[in-house]
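Encoded as structure tokens, the structure appears first; notes follow it.
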Amino acid sequence: MTPAAPQKPAILLGIETSGDTCAVGLSREGRPLLDIAANIRNIHSRELAPFVALALEKASLEAGDISALVLSAGPGSF
Numbered sequence: 598m599t600p601a602a603p604q605k606p607a608i609l610l611g612i613e614t615s616g617d618t619c620a621v622g623l624s625r626e627g628r629p630l631l632d633i634a635a636n637i638r639n640i641h642s643r644e645l646a647p648f649v650a651l652a653l654e655k656a657s658l659e660a661g662d663i664s665a666l667v668l669s670a671g672p673g674s675f
């Protein structure tokens, strides 16, 4: 029997855009790595992608490292 390949740690990308604050956060194996947030009322669509890119850069990760997305599900501006 061949040993199972080691699994990559689960990395989650959290995105919050339901209010005035736009926020992204990263966690690895359930532990927070970092978060970025700013009160940018009504311009979430313009700033979300740069926030995600900055978070990945600061954590030395690439988009392909993300295991799953965690999204807020509320009424909101975006």
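Note that the sequence shown ends on residue 675 in this note's numbering; no numbers are left out.
Cβ coordinates follow ideal geometry from the N, Cα and C atoms, glycine included.
What you are looking at is a predicted structure, and each value in this text was computed from that prediction instead of being measured.
Taking the alpha carbon of Arg-628 as the reference point, which residue from Val-649, Ala-652, Leu-609 and Ala-670 has its own alpha carbon closest?
Leu-609
Candidates Ser-624, Ile-633, Lys-605 and Val-667: closest to Thr-618 by CA position
Ile-633
Just verifying my parser: in three-state terms, what is the DSSP assignment at Gly-622?
strand
Is the beta carbon of Glu-613 closer than 8 Å to that of Ala-607?
no
What are the partner residues of Ile-608, as DSSP defines its beta bridges?
Arg-625
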